[in-house]
Amino acid sequence: MAAYSLDSRHAHAQRRVVITGIGVITPAGKDLATFWGNVCQGRSAAAPITKFDTSKLPVKIGAEVRDFAISSYASIRENRLDRTVQFGVAAATLAMRDAGISKEQAGSTRAGIVEGTTISGAESILKSQQKFLEGNTYKRLHPYNVVSGYCGEGSSAISMELGLRGAAITYCSGCASGNDAIGHAFKLIQQDQFDVMLAGGSEEMVEMLHLGFCRLRAMSEHNDDPHGSMRPFDKTRDGFLLGEGSAYLVVEDMGHALSRGARIYAEIIGHGRTSEAYHPTNPHPAGIGYVEAIQRSLRDAALHPEEVQYINAHGSATPQNDPIETRAIKEVFGKHAHRLSISATKPVTGHLMGAAGAIESAICALTIANQFIPPTINLTEPEEDCDLDYVLVPRPYPVNVALNVNAGFGGRYACLAMRRYPFDG
């Protein structure tokens, strides 16, 4: 590949935005081929949790990233960064490698990063508190805890590791964070502020978060059947499966990507977000957050609802969410809702919280690139109000336009729209 500089400008190119690289560190695979194969075949990564003691807890299962060492991806010291940040550095490194952009080539003020997360830094804060209480002196704490404990450490660490000097931004909008991070990067490139952005999210399975969700009764308690535990849209659903990991996309100006001969997975064409201002954890019964986020994404992309073929749903398998999400899809798409192919992939990967939108956007891009729709597993007896095509068996399908929909606690909703590239219809 010919050498190029990210500082080169494309004054005559339209600011269209494409995805040229994908990197994943997930329970379902730490490389793209393994990850995509497991998602398409519906191989769940659920298993008994080993990170902490669950013997006295009602939920003993989750989706952990196993056999991970940051030294395989970067030169940073393992004990310096929380595992959330380590996942992000590794996934971002893989995404840049997949896009064919070296660290030397990336060193530019026209390249940056936007990450999404919910609890980045929590591990450092909890460990620091424990050290202080054990010794009753602040001198037991490492000075670096000031940095490692704050929410923006992930984007900062990735920026420094990969030499991205344009911007280092962190989004925290609940489980919509990863989706919003990609949407923000899309807008920054569209507005000609940058040529290349890393965008995605990262999350670690932290014990206190798991305990909180146990108390909230938001997770599945099918401990005797980890692989079949999370059941989106099913009558027997009883909650999600907590996961961890990271996914990053290389989001790039189309003209810039073409000038260097980059492979293009898909084109990003719209993003919508909203807040219901309704309840800290429960969705509005009418699904107004879902409806408005999807509608805003369609307007931003100048899409008619009937142009959409596929939706990667939030599909959290909680009693309230699934029928409300289904109802919202019907309201936006009308009769076309029953012609949509919909899948919920969290039963395979686990619910990666702030990284959920990133990993599911990666799945949308791979669905478009491969013209193949992954399944919704564990759906054997659909809820009466959940009567759409949730793709029970993986299928080849001509997907031109796909949406990724995510919902976050606090009433936050986001929708990202993508289409096939090149698009000739």
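If you number the sequence shown the way my numbering does, the last residue is 1011 and the count never jumps. Quick reminder that beta carbons are idealized off the backbone N, C-alpha and C, glycines included. A quick note: this is a predicted structure, and the numbers were derived from the prediction, not measured.
Buried/exposed call for residue i, threshold 16 Cβ in 10 Å
i: Pro818; result: buried
i: Tyr976; result: buried
i: His890; result: exposed
i: Thr904; result: buried
i: Val979; result: exposed
i: Leu748; result: buried
i: Phe826; result: buried
i: Pro933; result: buried
i: Lys616; result: buried
i: Pro982; result: exposed
i: Ala678; result: buried
i: Arg925; result: exposed
i: Ser706; result: buried
i: Phe638; result: exposed
Straight-line gap, residue i to residue j (C-alpha atoms, nearest Å)
i: Ile687; j: Gly841; result: 15 Å
i: Gly936; j: Asp684; result: 24 Å
i: Glu720; j: Ser710; result: 15 Å
i: Val603; j: Leu774; result: 10 Å
i: Thr953; j: Val985; result: 7 Å
i: Cys950; j: Arg1005; result: 9 Å
i: Gln881; j: Ser658; result: 42 Å
i: Ile605; j: Leu835; result: 7 Å
i: His922; j: Val894; result: 9 Å
i: Met791; j: Leu828; result: 7 Å
i: Gly994; j: Glu946; result: 14 Å
i: Ser742; j: Leu974; result: 42 Å
i: Gln906; j: Ala930; result: 15 Å
i: Gln779; j: Glu853; result: 18 Å
i: Ala599; j: Asp886; result: Confidence at Ala599 is low in this model, with a pLDDT of 45, below 50, so the placement of that residue should be treated as unreliable; the coordinate-derived value is given next. Ala599 and Asp886: Cα-Cα distance of roughly 20 Å.
i: Arg595; j: Ile850; result: Confidence at Arg595 is low in this model, with a pLDDT of 42, below 50, so the placement of that residue should be treated as unreliable; the coordinate-derived value is given next. Computed Cα separation, rounded: 19 Å.
i: Gly943; j: Leu680; result: 18 Å
i: Gln716; j: Ala708; result: 12 Å
i: Met587; j: Thr822; result: Low confidence applies here, because Met587 scores a pLDDT of 31, under 50, leaving its location unreliable; read the following figure in that light. Whole-angstrom Cα-Cα distance: 52 Å.
i: Gly831; j: Tyr736; result: 18 Å
i: Thr966; j: Ala843; result: 43 Å
i: Cys761; j: Gln627; result: 25 Å
i: Pro634; j: Pro812; result: 7 Å
i: Lys689; j: Ile915; result: 42 Å
Residue range of the alpha helix (DSSP H) that includes residue i
i: Glu690; result: Lys689 to Ala692
i: Thr679; result: Arg669 to Ala685
i: Val918; result: Asn907 to Phe919
i: Thr953; result: Ala942 to Asn956
i: Tyr983; result: Per DSSP, Tyr983 belongs to no alpha helix (DSSP H) and is neither H nor E.
i: Cys626; result: Leu618 to Gln627
Residues near residue i by beta carbon distance below 7 Å, same chain, minus five either side
i: Ala589; result: Reliability of the predicted coordinates at Ala589 is poor, the pLDDT of 38 falling under 50, and the value obtained from them is presented with this limitation in mind. Contacts found: none.
i: Leu592; result: Residue placement at Leu592 is flagged as unreliable, the pLDDT there being 44, under the threshold of 50; the coordinate-derived value follows with that caveat. Result list for Leu592: Gln691, Ala692, Ser694, Arg696, Ala697, Asp781 and Val782, in chain order.
i: Pro909; result: Glu969, Asp971 and Cys972
i: Ser815; result: Ala632, Ile647, Ser806, His808 and Leu827
i: Phe772; result: Val603, Val837, Ile854 and His857
i: Gly738; result: Thr756
i: Pro961; result: Gly628, Ser929, Val977, Leu978, Val979 and Pro980
Element boundaries [beta strand (DSSP E), containing residue i]
i: Ser745; result: Segment Glu739 to Leu748 is the alpha helix (DSSP H) holding Ser745; no beta strand (DSSP E) there.
i: Ala863; result: From DSSP, Ala863 is part of no beta strand (DSSP E); its letter is neither H nor E.
i: Asp810; result: Counting along the chain, Asp810 falls outside any beta strand (DSSP E), and DSSP gives it neither H nor E.
Sequence-distant residues of its chain with Cβ nearer than 6 Å to residue i (five each side left out)
i: Pro1008; result: none
i: Cys1001; result: Gly858, Ala879, Ile880, Ser883, Leu989 and Val991
i: Phe919; result: Pro891
The ligand ATP heavy atom lying under 6 Å from the CB of residue i
i: Gly686; result: No copy of the ligand ATP occurs in the structure displayed, which carries no ligand at all.
Own chain partners of residue i with C-beta closer than 8 Å, once the 5 adjacent residues on each side are dropped
i: Ser861; result: Gly875, Gly996, Gly997, Arg998 and Tyr999
i: Ile656; result: Ile662, Glu664, Leu667, Gln672, Val675 and Ala676
Handout entry: Meets three-Cβ-pair contact criterion under 8 Å: the stretch 754-772 and the stretch 791-800
Key = Counting Cβ pairs under 8 Å, fewer than three are found: no touch.
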